[in-house]
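S.K.: So the sequence shown is numbered by this note's numbering: it starts at 1274 and just counts up by one. Cβ coordinates follow ideal geometry from the N, Cα and C atoms, glycine included.
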Amino acid sequence: MASVLVEPLNKWVQARKNNESDSDGTIDASEGTFRSEEYAAFNRDGQEGSPKVNLLVRSYPIAEYEDVVRTRFSRVALLDKLRETRAFVGFSRLLAAPVIDTDKRWGLISRQKMNWLPAVVVRGEGIFLVFDAGHLDVWDKQHGEFHRQRLLSVNRNLHEQAHRRQVHVVDTTPKFVMLHTFAHALINQLTFDCGYGSSSLRERIYCSDEDPRMHGVLIYTAAGDAEGTMGGLVQMGMPGLLERTVARAIDRARWCSTDPICIESPGQGPNNCNLAACHACSLLPETSCEQQNRLLDRATLVGTLDRPDTGFFSF
């Protein structure tokens, strides 16, 4: 399955209809392009779509939030309405397919290349959080090397798995692992605070140090009817409520019922591609996670037992 949110897909479809292409005759349908356009759309207040609104974004000044949010995030956007298109682009047996460019997966469900795919459109809501770039860079400068050393075994396992599947992967980074682990921690806490089951919530991670820089996470639900969902998730992103949820999520991440085994693990989970992350503290239902519950480490949030100052939320 592949999921694309809101306007980027509309623009791409329109380009196909108009036969617009790049200089080499191709249309850019890469995963990176979709994500960067989504990221830009979520950073603008207002609505998109006509006659029916596909995306409705509003935000509060970050200064209205308390320190736990204000000092580590530069923007909190409330997505009262969003539209997600889920297309079935292919399948794999035994080993899950990696996240690769959308156009490279076409035709996997048919012997012949086709110009259409089975898809479903669902409407929902979400909370979009942008991490403060300055705070993130300082954390990476001070503690990034510590976490890169911890991630050596994860990247080795990641490349070994990719070699067996004959695909190319790049090393994961402390920034990505921190964003990804935070998304899991927030989803797990939101299931207590807003009533959605964890299988009803999804993550979407935006992480890139290349232009345009992206450091954000989207937590959303798109499981409602034609009119969308009821607004309970968006409500939790308002000043006075989000701070409590974030604080509780970080507090829960400080301790796992299997610690110290979990926090000191050299590798666990799918393909041993997790560090301090297990079913008792960090993993989500498969439909909620983009990375098949891999590339997680609570230490990026709260540090380790002997180095508690190395976490993003504790330094």
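(1) Buried or exposed: W1389, going by 16 or more other Cβ atoms within 10 Å of its Cβ?
(2) Between which two residues does the beta strand (DSSP E) containing H1488 stretch?
(3) Sort L1463, E1337, L1506 by Cα distance to S1525 and report the nearest one.
(4) If we call anything under 7 Å between Cβ atoms a contact, is P1447 one with G1470?
(5) Consult DSSP for Y1479 and reduce its assignment to one of helix, strand or coil.
(6) Going by Cα to Cα distance, which pick from G1584, Q1439, D1353 is closest to T1494?
(7) With DSSP collapsed to three states, give me the class of R1356.
(8) If A1549 sits next to D1582, beta carbons under 8 Å apart, how far is it from one beta carbon to the other, in whole angstroms?
(9) Does G1504 pass the burial test, meaning 16 or more other C-beta atoms within 10 Å, or should it be called exposed?
(10) Express the C-alpha separation of F1449 and V1490 in angstroms, rounding to a whole number.
(11) Decide if Q1223 is buried, meaning its Cβ has at least 16 other Cβ atoms within 10 Å, or exposed.
(12) Enumerate in chain order the residues of its own chain whose CB-to-CB distance from S1347 is below 8 Å, with the five nearest sequence positions on each side excluded.
(13) Span of the alpha helix (DSSP H) holding R1521?
(14) Restricting to Cα atoms, I'd like to know which of H1488, L1329, P1539, G1363 is closest to M1451.
(15) CB-CB under 6 Å to Q1320, same chain, minus the five flanking residues each way: which ones, in chain order?
(16) Relative to the alpha-carbon of T1560, which residue among R1475, R1580, F1586, D1579 has its alpha-carbon at the smallest distance?
(17) Could you pull the DSSP bridge partners for V1226 from this structure?
M.R.: Reading it off the structure:
(1) Against the sequence shown, residue 1389 aligns to sequence position 116. Counting Cβ neighbours within 10 Å, W1389 comes out exposed, since fewer than 16 surround it.
(2) The residue you call residue 1488 lines up with position 215 of the sequence shown. Run containing H1488: 1487 to 1494, per the beta strand (DSSP E) assignment.
(3) Here residue 1525 corresponds to residue number 252 of the sequence shown, with the count starting at 1. Here residue 1525 is Arg; the residue named in the question, Ser, does not match the sequence. Selected option, being the one with the closest Cα: L1463.
(4) The residue you call residue 1447 lines up with position 174 of the sequence shown. The residue you call residue 1470 lines up with position 197 of the sequence shown. No; because the gap between Cβ atoms is not below 7 Å, this pair is not in contact.
(5) Translated into positions along the sequence shown, residue 1479 becomes position 206. Here Y1479 sits in strand by DSSP.
(6) By 1-based counting over the sequence shown, the position of residue 1494 is 221. Answer by Cα proximity: D1353.
(7) Within the sequence shown, numbered from 1, the residue matching residue 1356 stands at position 83. Strand, per DSSP.
(8) By one-based count along the sequence shown, residue 1549 stands at place 276. By one-based count along the sequence shown, residue 1582 stands at place 309. Contact annotation, A1549 with D1582: C-beta distance approximately 16 Å; criterion of less than 8 Å not satisfied.
(9) Taking the sequence shown and counting its residues from 1, one reaches residue 1504 at position 231. That one is exposed.
(10) Within the sequence shown, the letter at position 217 stands for residue 1490. Within the sequence shown, the letter at position 176 stands for residue 1449. If I take the Cα positions, the gap works out to 10 Å.
(11) Past the boundaries of the shown model lies residue 1223; the chain is included only from 1274 to 1588, so the question cannot be answered.
(12) Reading the sequence shown from its first residue, position 74 is the one you call residue 1347. The beta carbon of S1347 sits closer than 8 Å to those of I1335, V1403, F1404, D1405, A1406, all from its chain and outside the five residues before and after it, given in chain order.
(13) Within the sequence shown, the letter at position 248 stands for residue 1521. Note, R1521: alpha helix (DSSP H), 1515 to 1526.
(14) Here the question's residue 1451 lines up with position 178 in the sequence shown. Checking every option, the nearest Cα to that of M1451 belongs to H1488.
(15) Position 47 of the sequence shown, counted from the start, is the residue given in the question as residue 1320. Cβ neighbours of Q1320 beyond the five flanking positions: V1326, L1329.
(16) Translated into the one-based positions of the sequence shown, residue 1560 becomes position 287. For T1560, the nearest C-alpha among the options comes from R1475.
(17) What is shown of the chain runs 1274 to 1588, which leaves residue 1226 out entirely.
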